[in-house]
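Numbering (UniProt numbering), first residue to last: 1 to 356.
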């Protein structure tokens, strides 16, 4: 397993919401057909995997044109072997039970390489799509998102690792004693459980939260395995990382199990100094402890991802700062994160021990 000071690198497959209209337009018109979209995404994923990046994200929202990000990465999964796959999943207006089942399924399809980037839907236009008359306050949406993350973890744990028995002779598929009701009551929803999907290969798929906005930071500190930040200086990034790690500790978490990555939009056609300058920036900020890694959002994915992997990553490798090959099989392995034990299995062991 990699250490917490390992440099982590990730990239976005689709231009983010903050990118320029021209970049978005070029991405949207590059592959209008479903087959073209899949082929383009697979090609980009293989390019990133060839550079041994930790994971790829794929942005999404209810008003974004194109295919569902989770479905797209489920298509990419069998075409790749090692890279992590992290779709954006909006927790507002969606059913938590269905959300967690879809993410768990992606983890099975990818054999333990799935994550999900939690997003909220704050606009009235998006609320209208679902029949809501008003959009809740952003702080309330992030509180709800935290509850979705919490119940998802419980549902992933609701099947113990050895709950499936697949006994052909007796016709028994599962040991019902190893399935657990979660009985979760949140502010806006309740879930009984258990899940309909067996426990994912990673135990819990990796949770990513964009902590750029202050309203999302407590949710990130409480629930994220990876927090994304934006900063204009190494000092600002270091302060945000310290804030998130302190928040994780306040929630009873091990802050060493939280990775903080700087998310930055890069245009390597006009970026001053190009791939070499970006490598210097990454080496300096990571070496100084400002961040645990970088999440690059290419202005034009086909162009900038190739220049990043061929230029920037190669220079980082030459300096001994980034791996040449994957060191594990799951996304948690790449990030140096422990595989969590099912909370219900742990409780069952304690109960059994007490009875004995």
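We treat Cβ as the ideally placed atom computed from N, Cα and C, and that holds for glycine. If you're wondering where the values come from, they're calculated on a predicted model, not measured in any experiment.
Under the DSSP definition of a beta bridge, residue 57 partners with 12, 86. Residue 264 and residue 297 do touch by the CB rule: their CB atoms are close to 7 Å apart, below 8 Å. Comparing alpha-carbon positions, the option among 269, 102, 324, 220 lying closest to residue 303 turns out to be 269.
Residue pairing from DSSP places residue 227 in a beta bridge opposite 209, 260. Distance from the CA of residue 240 to the CA of residue 229, rounded to the nearest whole angstrom, comes to 8 Å. Taking 8 Å as the cut-off, the Cβ atoms of residue 126 and residue 192 do not count as close. Bounds of the beta strand (DSSP E) holding residue 294 are 293-298. Residue 50 is not a Cβ neighbour of residue 219, given a cutoff of 8 Å. For residue 161, the secondary structure class from DSSP, reduced to helix, strand or coil, is coil.
The distance from the Cβ of residue 158 to that of residue 344 is about 6 Å, consistent with a contact at the 8 Å cut-off. 8 Å or more divides the Cβ of residue 195 from the Cβ of residue 114. With 16 or more other Cβ atoms inside 10 Å of its own Cβ, residue 184 counts as buried.
CA-to-CA, the gap between residue 307 and residue 276 works out to about 10 Å.
Separation of residue 148 and residue 43 (C-alpha to C-alpha, rounded to the nearest whole angstrom) is 32 Å. Contact annotation: the segment 308-328 touches the segment 271-289, with at least three C-beta pairs closer than 8 Å. By the Cβ test, the segment 172-180 is not in contact with the segment 207-223, since fewer than three Cβ pairs between them sit closer than 8 Å. Closest option to residue 98, judged by alpha-carbon separation, among 300, 70, 290: 70. For residue 347 and residue 198, the gap between their C-alpha atoms comes out near 18 Å. Its chain contains 147 as the residues whose beta carbon lies nearer than 6 Å to that of residue 186, once the 5 sequence neighbours on both sides are disregarded; these appear in chain order. The continuous alpha helix (DSSP H) containing residue 97 extends over residues 96-109.
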